[in-house]
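Asker:
Residue numbers (UniProt numbering): 1 to 216.
1. Can you tell me whether DSSP reads residue 153 as helix, strand or coil?
2. Where does residue 209 sit, in a helix, a strand or coil, going by DSSP?
3. Residue 16 by DSSP, collapsed to three states: which one?
4. So, helix, strand or coil for residue 75, using DSSP?
5. Expressed to the nearest angstrom, what Euclidean distance is found between the alpha-carbon atoms of residue 133 and residue 126?
6. On the three-state DSSP scale, how would you describe residue 203?
7. Give the DSSP-derived three-state secondary structure of residue 31 in the structure shown.
8. Taking C-alpha atoms, which residue in 105, 75, 190 and 159 lies nearest to residue 170?
9. Are residue 83 and residue 94 touching if we call contact CB-CB under 8 Å?
10. Rounded to whole angstroms, how far is the Cβ of residue 150 from the Cβ of residue 91, which I believe are closer than 8 Å?
11. Do residue 98 and residue 61 have their C-beta atoms within less than 8 Å of each other?
12. Helix, strand or coil for residue 185 per DSSP?
13. How is residue 117 classed by DSSP in three states: helix, strand or coil?
14. Pull up the distance between the alpha-carbon of residue 211 and that of residue 109, whole angstroms please.
15. What is the C-beta distance between residue 154 and residue 76, in whole angstroms, given that I count them as a contact (C-beta under 8 Å)?
16. Residue 159: buried (16+ other C-beta within 10 angstroms of its C-beta) or exposed?
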């Protein structure tokens, strides 16, 4: 009996409550939370690209046309008519181009799903009608900016300065908006779009002025 008591005193008691549960690593919990917060921007990038492209095309093509004509014709009517013509032609071009492009992508994805014998879920496929409408609306929103800037100013030099000013402000706004939606750098995005816009307007104005000066 004494031997049994001695052994019980020497051997450590191990009850179920004394067994330590494995500790959870706080870093693992944080990692899981971060994984839950990760957002897939692939779908967002598709319509964002079309919207930014359409708005920039509308803004720059219309403004560049107006600046090019303004280099040789100083009356406001000619500049506005040129802008309106660019507005209509560009909107139609963007709508048709985006429709054809997205419809081609749609056909390729449907064919790929059929080859893989997968169910075709049209809700997850690109919609060419939505893409064409979004691109046209974005183009119109961009094209109307220089038109409004020049519509009510008859003084030639002031009109050119105002067009460049409102277009520059719109370019910065579009760049900032795209940066916010894409979670990118606002300064880099706005600067890139702004410099590109200045180059487009400057080249159009300069080349048109040069061609006019040589009497072509």
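All C-beta atoms, glycine included, are put in the ideal place defined by N, C-alpha and C.
Answerer: Quick answer:
1. coil
2. helix
3. In this predicted model, residue 16 has a pLDDT of only 47, less than 50, meaning its place in the structure is not dependable; the value taken from the coordinates is given anyway. Residue 16: helix per DSSP, three-state reduction.
4. coil
5. 13 Å
6. helix
7. Only weak support exists for where residue 31 lies, its pLDDT of 47 falling under 50; the value from the coordinates is given anyway. If DSSP states are grouped into helix, strand and coil, residue 31 belongs with the helices.
8. 190
9. no
10. So it is not a contact: roughly 18 Å between Cβ atoms.
11. no
12. coil
13. coil
14. 47 Å
15. 5 Å
16. buried
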